[in-house]
Amino acid sequence: MPLYCRKDPPDGKASGPAVLAGPTCDSVDILYQPDGYEMPLDLAIGDRVRFLSTGAYTTTYASVGFNGFDPLPAYCI
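Take 136 as the starting number for the sequence shown in the numbering used here and just add one per residue.
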């Protein structure tokens, strides 16, 4: 999976299945749904998670106000 988390658990650390979903209440606002993903169980609010190769997902939701959300800033690296 194209995901990096500063708390990626070393071998033997606890991780569990996670749903990577956005706040839009849209049924397609989910990343990697068919494949599923595991995240560190000690991940907390405010921890940074970086997504790589998300395709059009981020630019689609960032470019317009959607479901009452202001457009998001986009950073191309």
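Just so it is clear, CB atoms sit at the ideal spot from N, CA and C, and this is done for glycine as well.
Start and end residues, beta strand (DSSP E) containing residue i
| i | result |
| --- | --- |
| Val184 | Val184 to Phe186 |
| Ser150 | Ser150 to Ala153 |
| Pro175 | Tyr172 to Pro175 |
Reduced DSSP category for residue i - H, G, I as helix; E, B as strand; rest coil
| i | result |
| --- | --- |
| Tyr210 | coil |
| Ile165 | strand |
| Ala156 | strand |
Whole-angstrom C-beta distance between residue j and residue i, which should lie under 8 Å
| i | j | result |
| --- | --- | --- |
| Leu166 | Ser150 | The Cβ separation is near 17 Å, so there is no contact. |
Residue i Cβ short of 7 Å to the ligand FMN heavy atom set
| i | result |
| --- | --- |
| Leu166 | Among the components of this structure there are no ligands whatsoever, and the ligand FMN is therefore not found. |
Beta carbon of residue i nearer than 8 Å to that of residue j
| i | j | result |
| --- | --- | --- |
| Asp164 | Ala153 | no |
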